[in-house]
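Under our numbering, residues 1 to 255 are what the sequence shown spells out, in order.
Glycine included, C-beta positions come from ideal geometry on N, C-alpha and C.
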Amino acid sequence: MTAIKNVENKHILITGGASGIGAATAILVASRGAKVVVSDRNTQQGEAVVKQICDAGGTATFIAADVSDVDSVAALFSHAKAIYGPVNVAINNAGIDHTPTPMHLVDDAVFHKNVAVNLAGVWYCMKQEIIQMLENGGGHVINIASVAGLHSAPSIAAYSATKHAVMGLTKSAAVEYAKANIRVNAVCPSFIRTPMVENVLAHVDERVRNAMIKANPMKRLGEVHEIAAALAWLCSDESSFMTGQSVVLDGGMLA
Ligand code: NAP
Numbered sequence: 001m002t003a004i005k006n007v008e009n010k011h012i013l014i015t016g017g018a019s020g021i022g023a024a025t026a027i028l029v030a031s032r033g034a035k036v037v038v039s040d041r042n043t044q045q046g047e048a049v050v051k052q053i054c055d056a057g058g059t060a061t062f063i064a065a066d067v068s069d070v071d072s073v074a075a076l077f078s079h080a081k082a083i084y085g086p087v088n089v090a091i092n093n094a095g096i097d098h099t100p101t102p103m104h105l106v107d108d109a110v111f112h113k114n115v116a117v118n119l120a121g122v123w124y125c126m127k128q129e130i131i132q133m134l135e136n137g138g139g140h141v142i143n144i145a146s147v148a149g150l151h152s153a154p155s156i157a158a159y160s161a162t163k164h165a166v167m168g169l170t171k172s173a174a175v176e177y178a179k180a181n182i183r184v185n186a187v188c189p190s191f192i193r194t195p196m197v198e199n200v201l202a203h204v205d206e207r208v209r210n211a212m213i214k215a216n217p218m219k220r221l222g223e224v225h226e227i228a229a230a231l232a233w234l235c236s237d238e239s240s241f242m243t244g245q246s247v248v249l250d251g252g253m254l255a
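In structure tokens form, the structure reads like this:
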């Protein structure tokens, strides 16, 4: 059987690429011929993902960056460009959540931290990505939002607010830059089995845990390979007529 090579030689940069959805996607697109920059604040895990890719014959580099720090993001994109040229596809995936808590009891610092990473982080990255894509005649920005960016998410209001904001950035930038051949889309997963979700499941009681796992008609968590597969398609030119939209991967939760 011929291996799929529909992202061959594309420079794909993934933030939060050391873990969960980001790591699975980095490994998949590298196996399909992309040159991948894995970025994360977690150097040890990020370098392990890059080693796995290179050991399998792929091309990848790790660059440490904190997406909530504007200077760190600028350095990331200048370093990435120096290695593989302008970014063709950027996946803004780095994110944090917070412990489910009634909104009036959520510490303001938790709210501000969610805004700093999930919203300002995407904002800083998108600006750098658009600059490189304008210079290069086009590209594709893919933001990882969430079903919590499309509908209510009781107990995680701060997280949900940042993901709604990411949807706003996605749609506005898509319309603003369509003429420049830059596409902007989002992916909105429901609960996916990653360290982020495993951590939440470990800290809630059994009733909430079961409700989270069975929150969709399929009555199960999503798996990272199911999100990575959709992202790999988005990274390819097969998604060329899609912009300003979200791919909802939720086991039917929002149906
Ligand atoms: P994950 O396994 O925790 O991976 C996220 C990665 O991002 C981690 O390596 C994390 O490092 C890194 N990171 C966090 N803050 C960062 C920062 N300021 N700068 C750079 N890297 C940073 O999470 P995941 O579940 O794969 O989530 C990936 C994305 O999908 C997130 O945006 C999340 O909101 C979204 N999402 C996830 C789900 C789900 O159910 N899993 C559902 C909907 C949306 P540390 O380990 O050091 O924190």
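State the beta-bridge partners of residue i as determined by DSSP.
i	result
Gly-139	Ile-182
Gly-222	Ile-192
Ala-60	Val-36
Thr-15	Ser-39
Among the options, whose alpha-carbon lies nearest the alpha-carbon of residue i?
i	options	result
Val-7	Asn-42, Met-218, Ile-21 and Val-29	Val-29
Thr-243	Asn-136, Ile-21, Ala-173 and Asn-9	Ala-173
Ala-56	His-151, His-79, Gln-44 and Ile-27	Ile-27
Ala-74	Val-122, Met-103, Pro-154 and Ile-21	Val-122
Ala-202	Val-49, Gln-44, Thr-99 and Ala-24	Thr-99
Ala-157	Leu-13, Arg-183 and Pro-102	Pro-102
Ile-71	Ala-23, Thr-43, Gly-46 and Lys-127	Here residue 71 is Asp; the residue named in the question, Ile, does not match the sequence. Considering only alpha carbons, the answer is Lys-127.
Val-208	Ser-160, Thr-25, Ser-155 and Thr-194	Ser-155
Ala-115	Asn-199, Met-212, Ser-160 and Asn-42	In the sequence on display, residue 115 carries Val and not Ala. Checked all of Asn-199, Met-212, Ser-160 and Asn-42; the closest Cα to Val-115 is Ser-160.
Ala-80	Glu-176, Val-184, Lys-51 and Glu-129	Glu-129
Lys-10	Asp-237, Ile-21, Lys-51 and Ile-182	Asp-237
Gln-245	Ile-83, Ile-12, Leu-169 and Asn-42	Leu-169
Let me know the secondary structure DSSP gives residue i once reduced to three states.
i	result
His-104	helix
Asp-250	coil
Val-187	strand
Val-89	strand
Ile-144	strand
Ser-236	coil
Leu-257	The chain is shown only over 1 to 255; residue 257 falls outside these bounds and no answer can be derived.
Ser-172	helix
Phe-241	coil
Asp-259	Absent from the structure is residue 259, since the part of the chain shown begins at 1 and ends at 255.
Glu-8	coil
Ile-131	helix
If you drop the 5 nearest sequence neighbours on each side, which residues of the same chain put their C-beta closer than 6 Å to that of residue i?
i	result
Ala-165	Leu-119
Val-197	Phe-191
Lys-5	Arg-32 and Gly-33
Leu-76	Ser-39, Ile-63 and Ala-65
Met-133	Gly-139 and Ile-182
Less than 7 Å between C-beta atoms, sequence neighbours within five positions excluded: which residues of the same chain meet that for residue i?
i	result
Ser-239	Trp-233
Met-253	Val-147, Ser-190, Ala-215 and Asn-216
Gly-95	Gly-16, Val-117, Asn-118 and Ile-144
Cys-125	Thr-15, Val-67, Val-73, Ala-90 and Asn-92
Ile-53	Ala-26, Ile-27, Ala-30, Val-36 and Ala-60
Ala-178	Thr-243
With a threshold of 8 Å on Cβ separation, who are the neighbours of residue i within its own chain once the five nearest residues in sequence on each side are excluded?
i	result
Ala-48	Ala-18
Ala-230	Val-187, Val-247 and Leu-249
Ala-23	Gly-17, Val-38, Gln-45, Val-49 and Val-224
Does any CB atom of chain C fall closer than 8 Å to the CB of residue i?
i	result
Ala-230	No chain C appears in this structure, which consists of one protein chain only.
With a cut-off of 8 Å, do at least 3 Cβ pairs link the stretch 29–44 to the stretch 83–102? yes
Are the stretch 181–196 and the stretch 140–149 touching, with three or more C-beta to C-beta distances below 8 Å? yes
Given 8 Å, three or more beta-carbon pairs between the stretch 37–54 and the stretch 8–20: yes
Using 8 Å as the Cβ pair cut-off and three pairs as the minimum, do the stretch 104–113 and the stretch 49–60 touch? no
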